[in-house]
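Following: one structure in structure tokens, then a few remarks.
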Amino acid sequence: MNVDTNASKLALSDLKGASGELNGTLSAAEFIRIPTEITLVKDVHYRLNYQLVEDNFEIQLECVGRFKAQCQRCLEKFTFFEKAEVGDSIPVDQQKERVDEEILFNENGEIDLVKTLEAEFLLCLPMVPKHDVDDCGFNMTEPVDSELEKKKTPFSILKDLL
Ligand SMILES: [Zn+2]
């Protein structure tokens with residue numbers, strides 16, 4: 567298909583036929599609203615499926631972002647992935663007023679891929695980036711000890727009673 571799949575926007579007029587799939591790459595530098603303590607480290611590959619149903623394009627858009635941040639518990643840098651997935655229906659006739667809430671941002675017959683996926687990332691990115699508990703170096707030392715301490719207490723009390 568003759569579509570510039572590296573563009574951040576996709577014209578609805580590029581969606582040919584009754585259905586299809588498009589793949590493309592969005593430059594990480596275009597995702598400017600990602601919080602400063604988190605870095606999008608790789609360009610984002612997306613997949614877009616569309617199907618023409620009556621007067622609407624049914625569109626599924628998905629991608630996985632690779633991020634880097636400093637763990638707020640052990641202060642080490644770590645990498646994590648977030649999946650963004652949106653489904654929406656866009657009237658082929660762009661003059662038509664939309665009644666439902668807009669999930670896929672579109673304007674002047676173009677879908678704004680970056681703006682749409684960025685909004686999804688912002689919803690799922692952690693407020694305070696942290697390792698999974700099992701992966702966090704900080705967890706190896708202190709919390710284990712205090713857990714042990716907690717467990718010890720009721721037993722020692724019991725022992726004293728016996
Ligand atoms: Zn950590």
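For the sequence shown, the positions run 567 to 728 when the numbering used here is used. Every residue gets a Cβ at the ideal spot worked out from N, C-alpha and C, and that includes glycine. Everything numeric in this text was worked out from a predicted model, so none of it was measured.
Reference residue i, options the options, closest by Cα
i	options	result
E642	P695, G583, A577, A650	P695
E603	D580, L691, C702	L691
beta-carbon residue i near ligand 1 non-hydrogen atom, thresh 7 Å
i	result
E642	yes
G703	yes
K649	no
H697	yes
Inter-residue CB distance, residue i and residue j (contact presumed, cutoff 8 Å)
i	j	result
S574	Y616	With a Cβ gap of about 18 Å, S574 and Y616 do not count as contacting.
L689	L592	About 17 Å separates the two Cβ atoms, so there is no contact after all.
H697	R639	7 Å
F704	E648	Their Cβ separation, rounded to whole angstroms, is 22 Å, which puts F704 and E648 out of contact at 8 Å.
Unbroken beta strand (DSSP E) run spanning residue i, endpoints
i	result
K608	Premise fails: K608 is in no beta strand (DSSP E) and is neither H nor E.
K575	575-577
Endpoints, the alpha helix (DSSP H) within which residue i is located
i	result
V699	No alpha helix (DSSP H) holds V699; DSSP gives it neither H nor E.
Under 8 Å, with one C-beta from each stretch per pair, do the stretch 614-626 and the stretch 591-601 reach the 3-pair mark?
no
Inter-stretch contact (C-beta, 8 Å, three-pair minimum) for the stretch 632-641 and the stretch 666-684:
Verdict: no, contact absent.
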